[in-house]
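This report concerns only the one structure given below.
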Amino acid sequence: MTIKELLRKGSQILKDARIESPVRDAGVILCHVLNCGRLYLYTHEDNVPDETYIKTYINLIQERASGKPLQYITGVNEFMSLPILVTPDVLIPRPETEILVEKVIAYLKKINEPKTNILDMGTGSGCIAVSIARYVENCFVTAVDISSDALSIAYFNAMDLGFTDRISFIKSNLFEKVEKTQYFDVIVSNPPYIPSCEIESLQREVRDYEPEIALDGGADGLFYYKRIIDESPKFLKPGGMLAFEVGINEALAVVDFMKKMFCNIEIEKDLAGIDRVVSGFLR
Ligand code: GLN
353 MTIKELLRKG
363 SQILKDARIE
373 SPVRDAGVIL
383 CHVLNCGRLY
393 LYTHEDNVPD
403 ETYIKTYINL
413 IQERASGKPL
423 QYITGVNEFM
433 SLPILVTPDV
443 LIPRPETEIL
453 VEKVIAYLKK
463 INEPKTNILD
473 MGTGSGCIAV
483 SIARYVENCF
493 VTAVDISSDA
503 LSIAYFNAMD
513 LGFTDRISFI
523 KSNLFEKVEK
533 TQYFDVIVSN
543 PPYIPSCEIE
553 SLQREVRDYE
563 PEIALDGGAD
573 GLFYYKRIID
583 ESPKFLKPGG
593 MLAFEVGINE
603 ALAVVDFMKK
613 MFCNIEIEKD
623 LAGIDRVVSG
633 FLR
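The number in this note's numbering is simply the position in the sequence shown, starting from 1, with 352 added.
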């Protein structure tokens with residue numbers, strides 16, 4: 353089969369499986385298999401790839417057709433213009449999370465300290481940690497996660513982008529293993545926030561493929577916010593920032609929990625107009 357025929361066949365399989373962007377996904381998967389750019393496909397439409405490539409391509413198309421997210425197939429997702437390695441051990445970074453990262457970066461640039469310390473609680477793929485390290489000079493990030501598999505991915509991403517000297521990793525259940533020897537300028541977190549009873553009704557791509565441990569926020573979805581808000585004052589500098597991504601309809605509850613110990617609390621909306629980021633400063 354030629355490249356053109358492969359694209360047509362792949363798109364048709366994905367379309368029949370009701371995948372949202374069948375043509376785009378077939379193209380991305382073929383580029384991944386042939387290790388080429390998109391333009392190559394259109395300038396070499398009549399090329400016939402080797403049989404092994406064709407087999408791999410059709411297998412991956414079938415996986416996509418059964419709901420596996422494209423990012424777990426290609427193993428990469430762009431976040432803050434950086435290529436982030438992802439596997440099913442970590443959540444796929446979302447564009448909404450860029451709003452959280454931008455909020456933190458803006459604050460760090462504003463305070464313009466010669467050296468700052470940031471804690472990323474529940475780092476997952478490390479997308480928040482590496483992008484802060486990338487865009488803020490002289491900052492040190494401590495990336496915490498309970499999952500060793502996630503930490504290996506986060507470490508790979510830090511290494512791949514050249515930040516292992518400015519990011520350290522701790523395997524810990526929340527703050528349990530974080531030593532109180534240093535105080536942080538910022539604690540940032542995109543914790544699991546889906547109420548347990550809503551996991552079943554998530555899109556199948558998310559429900560069947562993304563790690564439940566990264567999604568399930570307990571009965572009301574707010575479990576991790578309460579724990580992090582309660583404990584972070586012990587780890588923050590006076591006036592330090594606590595910033596969260598929050599789930600739909602969770603912002604006001606999170607603001608409420610923060611009020612006792614934090615001031616200048618702000619909510620940012622995402623592009624869909626949903627309250628998405630809550631931040632405040634330790635009193
Ligand atoms: N910090 C990672 C992210 O924002 C992981 C979040 C999570 O697993 N809940 O993508």
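Cβ coordinates follow ideal geometry from the N, Cα and C atoms, glycine included. These figures come from a predicted structure and were not determined experimentally.
Burial state of residue i, where buried means 16 or more other Cβ atoms lie within 10 Å
i	result
Asp537	buried
Arg503	Note that residue 503 corresponds to Leu in the displayed sequence, not to Arg. Counting Cβ neighbours within 10 Å, Leu503 comes out buried, since at least 16 surround it.
Gly625	exposed
Asn525	exposed
Leu594	buried
Same chain, Cβ closer than 8 Å to residue i, neighbours up to 5 away in sequence not counted
i	result
Val428	Pro435, Ile436, Leu437 and Val438
Ile381	Gly362, Tyr409, Leu412, Ile413, Arg416, Leu422, Ile425 and Thr426
Leu574	Tyr545, Glu602, Ala605, Val606 and Phe609
Proximity of residue i and residue j at Cβ, strictly below 8 Å
i	j	result
Gly506	Gly478	Reading off the sequence shown, one finds Ala at residue 506, where the question assumed Gly. It is a contact, given that the beta carbons lie within the stated cut-off.
Glu540	Leu452	Inspection of the sequence shows that residue 540 is occupied by Val rather than by Glu. Closer than 8 Å, so yes.
Phe587	Lys529	no
Glu562	Ile444	yes
Ala481	Ile519	yes
Backbone CA spacing between residue i and residue j [nearest angstrom]
i	j	result
Ile484	Val496	15 Å
Lys523	Ile546	23 Å
Tyr487	Lys589	22 Å
Asp402	Ala378	17 Å
Met353	Leu359	10 Å
Val558	Lys455	26 Å
Residues near residue i in its chain [Cβ-Cβ closer than 7 Å; skip 5 each side]
i	result
Pro466	Asn490
Tyr577	Pro543, Phe596, Val606 and Phe609
Boundaries of the beta strand (DSSP E) in which residue i is found, first to last residue
i	result
Thr468	Thr468 to Met473
Arg360	Careful: Arg360 lies outside any beta strand (DSSP E), inside the alpha helix (DSSP H) at Ile355 to Asp368.
Leu634	Asp627 to Leu634
Gly591	Leu588 to Glu597
For residue i, the first and last residue of its enclosing alpha helix (DSSP H)
i	result
Phe508	Ser500 to Asp512
Glu528	Careful: Glu528 lies outside any alpha helix (DSSP H) and carries neither H nor E.
Leu391	Arg390 to Thr395
Chain-order list of residues whose beta-carbon lies under 6 Å from that of residue i (same chain, five-residue window excluded)
i	result
Ile617	Val607, Met610 and Gly632
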